[in-house]
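Undergrad: Take this structure, written in structure tokens, and hold onto it; I'll ask about it next.
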């Protein structure tokens, strides 16, 4: 009996028990229908495509109707011109929506509702052209010379930072895809979290661990729930593909087979990463109510990764977008968007996959140790510190609280360096400096948060995003400290 | 044969098992006794690798226990628990399969056990739809489903009504008679005394008394005499060197030496007292337990 077979049995139970639940089947259908609807809807809501009805009334130059037709054609719109004998008749037609704009005496545009900017430009351009031609003729300029004078100057436009051929529709599609990825990673990751907690709370875990190793149980659980997630995202991707194919006129390069295949692959990676973390953190709790407390930081990181990706969709070629699409914790949500926007060269996704995979392998090692040592603990919620200590109980080592924070401190800010060193020294010499240590930790963390906020603000040239990044960092850091020490955060310093 | 050989486990400053050495033999029921916190659960968990020993080993037929052997063990933890929302039969088949057996093979023994414990009609019900007593039965089947050669049960009698207790005792005795090694912990010393051939008593993680129950009782130099009488009590001081433990309301319990002349004692008591019953016996398990733990 090897671990693989046992893991597979665990996975099969997860699939069997969960796929039977009505909630799962409903969510499977709902997400596919919702995504397909969002892709089909714009095509259905655009009646008649690009054809417009234009009403003319009052004294108008003879050439206006023809010129409007030409200008509209140049803008990709088919114009149908209607003549009305009186302003009243024209306004009535406008109010009834029979025309999209009424041109009154070649001087006033009347709209049924809000002005359509594109149509306004077409009609105004035509009026300008006709009027200037009339004035040229009055000044004795021959029609040929006037045409030469009025020949349009070719002005080309380039959208730097954007990729040619990608429209706001593509951005929307990429945002939807990233949102679906977030939902799937979060839904199925939470299933792992609550599944681990339920096994602990119902005590079945001791019966299971008497038969199979803890790692096989965790791996089987993650794999089983992951396969369900894969089914969900594959069905959703297929629905998107079918929807786009069905609405043939809608040209969305962001929704292609290759892009969707990448999205599915990134779900697998993102899920593997976050589910591993959720599984390990779940083992720290004892009851279902502990879920929020133990997994809060990871959930915030996941949502922050989504928002970072969301803001970067419109500038997929920027340095910030590149950075978050390589960083393993954000890559599963940021890279698919960049791929969809066509902003990646062939090796970039592969590099991000390699980085994410390496992180997953590291996390599996960590999670396996943590889960094994914490899963049989019952009673009050374990602190990460205690759980970690018991994994290394054989060789007593000096464990440092929130090592990532102190490390980051020494690396980023020069002022933090001597402070961090003092912390280490103090810790080794005297162990009862709790409040002082916490004050110091809080100061260092706040410093890092400010630095991070400024850096992000500078990088994105958006102060609000910078402030948000700093705030998110502080929130995560505080929750991490709480998780690590097992008591409610660093005490507030009284000055 | 299950053997603990110098098993030691520390949790921080607490020593849960301290060079714990004892054996449980096949074909016999071994009662595992000790006050709360003596280390019984830790020792039982160590059999299944749920606790990693700091020193010493647990052996099965002389070989350190490996994952392969554990698959043929049955375990009922003190903290009972199964999947509350899973169907009874599915759950038991799943647990049997985790021990390495094929689905049809496990299915057959699950059906037999369900039938035997009167749960055949509940096979397709969710576990949480069952009564507490029936859930306990399912938990027992979970431990028995792979026909274990070794059965380790942590407090199998706690929470059972007298009828269920008898049924559980009968079942365990039957399994032992079939050749299984059965080790179980309990605080109900009278149950253990009735059922077990062997006992192990531990305190502070150390074995303080272990062996065949009858032998342990016989080895103690004291004997006890229980007398019931009507009317006037005998003149106790006259009976010296007998120690009177208690005497009131027509009952008396005396402690005597192993070499006491019982017939002479009876004759002395009967002289002037209307004796209803007279019993001469070695100490009860409860007395052995208190003696061992107090020492």
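Protein chains in written order, with our numbering: chain A, 2 to 496; chain E, 161 to 455.
Cβ coordinates follow ideal geometry from the N, Cα and C atoms, glycine included.
Small disclaimer: the values here were computed from a predicted structure and weren't measured.
How long is the line joining the alpha carbons of residue 1 (chain A) and residue 77 (chain A), rounded to whole angstroms?
TA: Residue numbering for chain A in the displayed model covers 2 to 496; residue 1 (chain A) lies beyond these limits and cannot be assessed.
Undergrad: Could you compute how far the alpha carbon of residue 272 (chain E) sits from the alpha carbon of residue 434 (chain E)?
TA: Position 112 of the second chain holds residue 272 (chain E). Position 274 of the second chain holds residue 434 (chain E). Between residue 272 (chain E) and residue 434 (chain E), the C-alpha separation is close to 56 Å.
Undergrad: In the DSSP assignment, what are the bridge partners of residue 191 (chain E)?
TA: Locating residue 191 (chain E) in the second chain gives position 31, where the first residue counts as 1. Note: residue 191 (chain E) sits in a beta bridge opposite E:344, E:359.
Undergrad: Thinking just about the alpha-carbon of each residue, which of A:10, A:114, A:89 is nearest to the one in residue 251 (chain E)?
TA: Start at 1 with the first residue of the second chain, and residue 251 (chain E) comes out as number 91. Among A:10, A:114, A:89, the Cα nearest to that of residue 251 (chain E) belongs to A:10.
Undergrad: Given a limit of 7 Å on CB to CB distance, which residues of the segment 269-296 of chain A reach chain E?
TA: Within the segment 269-296 of chain A, no residue has its Cβ closer than 7 Å to any Cβ of chain E.
Undergrad: Could you pull the start and end residues of the beta strand (DSSP E) that residue 404 (chain E) belongs to?
TA: Position 244 of the second chain, counted from the start, is the residue given in the question as residue 404 (chain E). Per DSSP, residue 404 (chain E) belongs to the beta strand (DSSP E) from 403-408.
Undergrad: Starting from residue 208 (chain E), find everything on chain A with Cβ-Cβ shorter than 7 Å and list it in chain order.
TA: Here the question's residue 208 (chain E) lines up with position 48 in the second chain. Neighbours of residue 208 (chain E) on chain A, chain order: 211.
Undergrad: Just to make sure I have the definition right: I need the residues of chain A whose C-beta is within less than 8 Å of the C-beta of residue 257 (chain E). Which are they?
TA: Mapped onto the second chain, residue 257 (chain E) falls at position 97. The contacting residues are 10.
Undergrad: Compare the C-alpha of residue 300 (chain E) against each of A:127, A:241, A:208, A:3 and name the closest.
TA: Along the second chain, one-based indexing puts residue 300 (chain E) at 140. Ranking A:127, A:241, A:208, A:3 by Cα distance to residue 300 (chain E) puts A:208 first.
Undergrad: Closest Cβ-Cβ distance between residue 191 (chain A) and chain E: below 9 Å?
TA: Mapped onto the first chain, residue 191 (chain A) falls at position 190. Chain E contact via Cβ: absent.
Undergrad: Kindly indicate which three-state DSSP category residue 211 (chain A) falls into: helix, strand or coil?
TA: Taking the first residue of the first chain as position 1, residue 211 (chain A) is located at position 210. Residue 211 (chain A): coil per DSSP, three-state reduction.
Undergrad: So, does the CB of residue 244 (chain E) fall closer than 9 Å to a CB anywhere in chain A?
TA: Translated into positions along the second chain, residue 244 (chain E) becomes position 84. Any Cβ of chain A closer than 9 Å to the Cβ of residue 244 (chain E) would place that residue at the interface, and such an atom is present.
Undergrad: Near residue 436 (chain E), which residues of its chain fall below 7 Å by C-beta distance, leaving aside the five closest residues on each side in sequence?
TA: Numbered from its first residue, the second chain carries residue 436 (chain E) at position 276. The answer, listed in chain order, is 388, 389, 390.
Undergrad: Within 9 Å (strictly less), CB to CB, does residue 20 (chain A) reach chain E?
TA: Walking along the first chain from the start, residue 20 (chain A) turns up at place 19. Closer than 9 Å: no.
Undergrad: Assign residue 306 (chain E) to one of two classes, buried (16 or more other C-beta atoms within 10 Å of its C-beta) or exposed (fewer than that).
TA: The residue given as residue 306 (chain E) occupies position 146 in the second chain. Residue 306 (chain E) comes out buried.
Undergrad: Could you tell me whether any Cβ in chain A is nearer than 9 Å to the Cβ of residue 239 (chain E)?
TA: Your numbering for residue 239 (chain E) matches position 79 in the second chain. For residue 239 (chain E), the answer is yes, since a Cβ of chain A falls inside 9 Å of its Cβ.
Undergrad: Output needed for residue 442 (chain E): all residues of its chain with C-beta closer than 7 Å, excluding positions within five of it in sequence on either side, in chain order.
TA: Translated into the one-based positions of the second chain, residue 442 (chain E) becomes position 282. Here the set comprises 377, 378, 380, 383.
Undergrad: Please report how far the alpha carbon of residue 183 (chain A) lies from the alpha carbon of residue 275 (chain A), in whole angstroms.
TA: Along the first chain, read from residue 1 onward, the residue named residue 183 (chain A) stands at position 182. Along the first chain, read from residue 1 onward, the residue named residue 275 (chain A) stands at position 274. For residue 183 (chain A) and residue 275 (chain A), the distance between alpha carbons rounds to 11 Å.
Undergrad: Using three-state DSSP, classify residue 420 (chain E) as helix, strand or coil.
TA: As a working mapping, residue 420 (chain E) is identified with position 260 in the second chain. In the structure shown, residue 420 (chain E) sits in coil (DSSP, three-state: anything other than H, G, I, E or B).
Undergrad: Measure the beta-carbon distance from residue 110 (chain A) to residue 56 (chain A) and round it to whole angstroms, keeping in mind my assumption that it falls under 8 Å.
TA: As a first step, residue 110 (chain A) must be located in the first chain, where it is residue number 109. As a first step, residue 56 (chain A) must be located in the first chain, where it is residue number 55. Actually they are not in contact, since the Cβ atoms of residue 110 (chain A) and residue 56 (chain A) sit about 10 Å apart, beyond 8 Å.
Undergrad: For residue 377 (chain A), which residues in chain E fall below 9 Å Cβ to Cβ?
TA: Your numbering for residue 377 (chain A) matches position 376 in the first chain. Ordered by position in chain E, the residues that pass the 9 Å Cβ test against residue 377 (chain A) are 205, 210, 211.
Undergrad: With respect to the beta strand (DSSP E) encompassing residue 438 (chain E), which residues constitute its N-terminal and C-terminal limits?
TA: Working through the second chain from its first residue, we reach residue 438 (chain E) at position 278. Where residue 438 (chain E) is concerned, the enclosing beta strand (DSSP E) stretches over 434-441.
Undergrad: Check each residue of the segment 202-234 of chain A: if its Cβ is closer than 8 Å to any Cβ of chain E, include it; give the result in chain order.
TA: 203, 204, 205, 206, 207, 208, 209, 210, 211, 212, 213, 214
Undergrad: For residue 60 (chain A), does the three-state DSSP call read helix, strand or coil?
TA: For this step, residue 60 (chain A) is matched to residue 59 along the first chain. Three-state DSSP puts residue 60 (chain A) in coil, outside helix and strand.
Undergrad: Can you tell me whether residue 248 (chain A) is helix, strand or coil according to DSSP?
TA: To locate residue 248 (chain A), count along the first chain from 1; it is residue 247. Note: residue 248 (chain A) maps to coil in three-state DSSP.
Undergrad: I need the boundaries of the alpha helix (DSSP H) containing residue 387 (chain E), first residue and last residue.
TA: For the purposes of this step, residue 387 (chain E) is identified with residue 227 of the second chain, where counting begins at 1. Per DSSP, residue 387 (chain E) belongs to no alpha helix (DSSP H); it is in the beta strand (DSSP E), 382-390.
Undergrad: Restricting to runs no shorter than 4 residues, where is the alpha helix (DSSP H) found entirely within the segment 298-342 of chain A?
TA: 320-327, 332-341
Undergrad: Closer than 9 Å, CB to CB, is residue 254 (chain E) near chain A or not?
TA: Your numbering for residue 254 (chain E) matches position 94 in the second chain. By this cut-off, residue 254 (chain E) is an interface position.
Undergrad: Looking at the structure shown, is residue 202 (chain A) part of a helix, part of a strand, or coil, going by DSSP?
TA: Position 201 of the first chain, counted from the start, is the residue given in the question as residue 202 (chain A). Residue state for residue 202 (chain A) is assigned as helix, using DSSP reduced to three classes.
Undergrad: Counting only the same chain and skipping the five closest in sequence on each side, list residues whose C-beta sits under 7 Å from that of residue 261 (chain A).
TA: The count along the first chain starts at 1 and reaches residue 261 (chain A) at position 260. Answer for residue 261 (chain A): 238, 241, 242, listed in chain order.
Undergrad: Less than 7 Å between C-beta atoms, sequence neighbours within five positions excluded: which residues of the same chain meet that for residue 477 (chain A)?
TA: Taking the first residue of the first chain as 1, we reach residue 477 (chain A) at position 476. Counting only Cβ-Cβ distances below 7 Å, and skipping sequence neighbours, we find 298, 301, 302.
Undergrad: Which residues does DSSP list as the beta-bridge partners of residue 180 (chain E)?
TA: Counted from its first residue, the second chain places residue 180 (chain E) at position 20. Answer is E:167, bridged to residue 180 (chain E).
Undergrad: Which residues, in order along the segment 328-362 of chain A, keep a beta-carbon less than 8 Å from a beta-carbon of chain E?
TA: none
Undergrad: Starting from residue 14 (chain A), find everything on chain D with Cβ-Cβ shorter than 7 Å and list it in chain order.
TA: Structure shown: chain D not included; protein chains present are A and E.
Undergrad: In terms of residues, what are the limits of the alpha helix (DSSP H) holding residue 345 (chain A)?
TA: The residue labelled residue 345 (chain A) in the question sits at position 344 within the first chain. Run containing residue 345 (chain A): none; DSSP gives neither H nor E here.
Undergrad: List the residues of chain A whose Cβ lies closer than 7 Å to the Cβ of residue 297 (chain E), in chain order.
TA: Reading the second chain from its first residue, position 137 is the one you call residue 297 (chain E). The premise fails here: residue 297 (chain E) is roughly 15 Å from chain A at the closest Cβ pair, so nothing lies under 7 Å.
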